[in-house]
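If you're matching positions, the sequence shown starts at 0 in numbering that gives the first Met the number 0 and goes up one per residue.
One structure is given below, encoded as structure tokens.
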Amino acid sequence: MSVDKVVPSAAEAVADIPDGARLAVGGFGLAGIPWILIEALLDQGATGLTVVSNNCGVDGAGLGLLLEQGRIDRVIASYVGENKEFARQYLAGELTVELTPQGTLAERMRAGGAGLGAFYTPTGVGTPVAEGGLPWRYHPDGTVALASQPKEVRVFHGKKMVLEESIVTDVALVRAAVADRAGNCVFHASARNFNPDAAMAGRITLVEAERLVEVGEIAPDDVHLPGVFVQRVVELTPEQATRKDIEKRTTRGERPTEEPTRAPARGATDHALD
């Protein structure tokens with residue numbers, strides 16, 4: 000008999016996340032992010048967090064909510080646009096930011112989940128990514144308080160490659176289109192971006208599922224993330240499952256909106272990534 004990993008609520012799922020925890024968070028921009036788990040963590044109150052994610056949400060949405068409350072101390076990400084408060088905190092010396100090439104970030108999380116300590120990649124060779132000097136944190140006066148260190152570079156098959164350490168976090172927060180009670184997950188479209196890798200990186204992985212099914216209802220060949228990587232599953236309500244805002248939506252004759260916008264239903268003319 001399979002272990003039932005379903006917990007009653009998002010609040011219960013995040014209840015034991017401590018101050019200072021390292022979190023891997025799935026999604027890209029606002030597509031595929033764990034909306035409900037993030038908001039539950041906002042209510043829970045944990046602070047001093049390190050977040051590993053493609054980006055840190057936007058002003059007023061996603062991880063941007065935790066950022067605005069000063070709950071995040073360090074971010075390991077590949078893209079930091081679309082968030083003015085993020086830029087303000089970084090330049091003011093309030094936030095440590097470790098920029099990492101996007102594919103490298105995904106592989107660092109996947110490698111962590113696979114039990115690998117590090118790997119070599121050609122990405123970043125000959126740049127500050129490998130040579131060091133990237134400003135991770137500033138002093139309030141604008142001088143660099145903390146910079147990246149040089150990384151080991153070796154030659155494989157006649158090509159220079161830089162050593163990148165894998166990432167393992169205390170907790171991972173992800174969103175799945177479908178999950179069964181054993182934690183096997185299926186992701187929809189662009190939500191299958193960083194979610195599987197983030198899930199693998201977490202020692203404890205929390206999944207919010209738009210639809211919960213019984214074990215056996217997901218065909219083995221359709222599983223994107225095996226349940227072995229998942230410890231807790233939260234079944235979303237129909238209203239929560241439709242929560243898929245987007246950063247900007249542009250239609251013919253309109254300017255882009257500056258606020259996060261509720262995505263239209265699938266099949267609408269102005270289709271949004273979800």
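Don't be surprised by glycine CBs; every beta carbon is placed ideally from N, CA and C.
DSSP-derived helix/strand/coil call for residue i
{"i": "Ala-10", "result": "helix"}
{"i": "Gly-111", "result": "helix"}
{"i": "Glu-209", "result": "strand"}
{"i": "Ala-176", "result": "strand"}
{"i": "Leu-235", "result": "coil"}
{"i": "Phe-186", "result": "coil"}
{"i": "Leu-133", "result": "coil"}
{"i": "Gly-201", "result": "strand"}
{"i": "Phe-155", "result": "strand"}
{"i": "Asp-244", "result": "strand"}
{"i": "Val-170", "result": "strand"}
{"i": "Ala-105", "result": "helix"}
Straight-line gap, residue i to residue j (C-alpha atoms, nearest Å)
{"i": "Val-206", "j": "Val-227", "result": "12 Å"}
{"i": "Trp-34", "j": "Arg-242", "result": "7 Å"}
{"i": "Arg-210", "j": "Pro-7", "result": "14 Å"}
{"i": "Ala-105", "j": "Thr-236", "result": "30 Å"}
{"i": "Pro-149", "j": "Pro-100", "result": "15 Å"}
{"i": "Gln-88", "j": "Leu-94", "result": "6 Å"}
{"i": "Gly-123", "j": "Val-161", "result": "7 Å"}
{"i": "His-223", "j": "Gly-131", "result": "36 Å"}
{"i": "Pro-127", "j": "Val-96", "result": "14 Å"}
{"i": "Trp-135", "j": "Val-143", "result": "8 Å"}
{"i": "Ala-146", "j": "Leu-90", "result": "14 Å"}
{"i": "Val-173", "j": "Gly-141", "result": "35 Å"}
{"i": "Arg-202", "j": "Ala-86", "result": "30 Å"}
{"i": "Gly-102", "j": "Glu-213", "result": "34 Å"}
{"i": "Asp-244", "j": "Ala-176", "result": "15 Å"}
{"i": "Ala-113", "j": "Gln-43", "result": "30 Å"}
{"i": "Val-74", "j": "Ser-52", "result": "8 Å"}
{"i": "Ala-23", "j": "Leu-133", "result": "22 Å"}
Nonlocal neighbours in the same chain, by C-beta distance under 7 Å from residue i, ignoring five residues either side
{"i": "Thr-268", "result": "Its pLDDT being 33, under 50, Thr-268 is placed unreliably in this model, and the value from its coordinates should be taken loosely. Closer than 7 Å at Cβ, skipping near neighbours: no residue."}
{"i": "Val-57", "result": "Leu-29, Gly-63, Glu-81, Asn-82, Glu-246 and Pro-259"}
{"i": "Gln-239", "result": "Ile-35"}
{"i": "Ala-110", "result": "Phe-118 and Ser-165"}
{"i": "Glu-234", "result": "Val-5, Ala-208 and Leu-211"}
Same chain only: Cβ atoms within 8 Å of residue i, ignoring 5 sequence neighbours per side
{"i": "Leu-41", "result": "Leu-64, Leu-65, Gln-68 and Arg-70"}
{"i": "Lys-159", "result": "Pro-121, Val-124, Gly-125, Val-152 and Arg-153"}
{"i": "Val-79", "result": "Asn-54, Cys-55, Phe-85, Ala-86, Tyr-89, Val-96 and Leu-98"}
{"i": "Arg-191", "result": "Gly-31 and His-223"}
Same chain only: Cβ atoms within 6 Å of residue i, ignoring 5 sequence neighbours per side
{"i": "Gly-182", "result": "Lys-4, Gly-226, Val-229 and Val-232"}
{"i": "Gly-19", "result": "Gly-47"}
{"i": "Arg-21", "result": "Thr-49, Thr-168 and Asp-169"}
{"i": "Ala-10", "result": "Ala-39"}
{"i": "Asp-220", "result": "none"}
{"i": "Ile-32", "result": "Gly-26 and Gly-61"}
{"i": "Ala-12", "result": "Val-6, Leu-205, Arg-231 and Val-233"}
{"i": "Asn-194", "result": "Gly-25, Gly-31, Val-173 and Phe-186"}
Burial state of residue i (16 or more Cβ within 10 Å)
{"i": "Phe-155", "result": "exposed"}
{"i": "Val-2", "result": "exposed"}
{"i": "Ala-76", "result": "buried"}
{"i": "Leu-115", "result": "exposed"}
{"i": "Ala-178", "result": "buried"}
{"i": "Pro-121", "result": "exposed"}
{"i": "His-138", "result": "exposed"}
{"i": "Pro-17", "result": "exposed"}
{"i": "Ala-14", "result": "exposed"}
{"i": "Thr-204", "result": "buried"}
{"i": "Arg-107", "result": "buried"}
{"i": "Met-163", "result": "What sits at residue 163 in the sequence shown is Glu, not Met. That one is buried."}
{"i": "Ala-45", "result": "buried"}
{"i": "Ala-129", "result": "buried"}
{"i": "Ala-218", "result": "exposed"}
Residue i at chain D interface by Cβ criterion, 8 Å
{"i": "Leu-94", "result": "Here chain D cannot be found, since the structure has a single protein chain."}
Mind pulling the alpha helix (DSSP H) runs of 4 or more residues that sit fully within the segment 19 to 98?
34 to 43, 62 to 67 and 83 to 90
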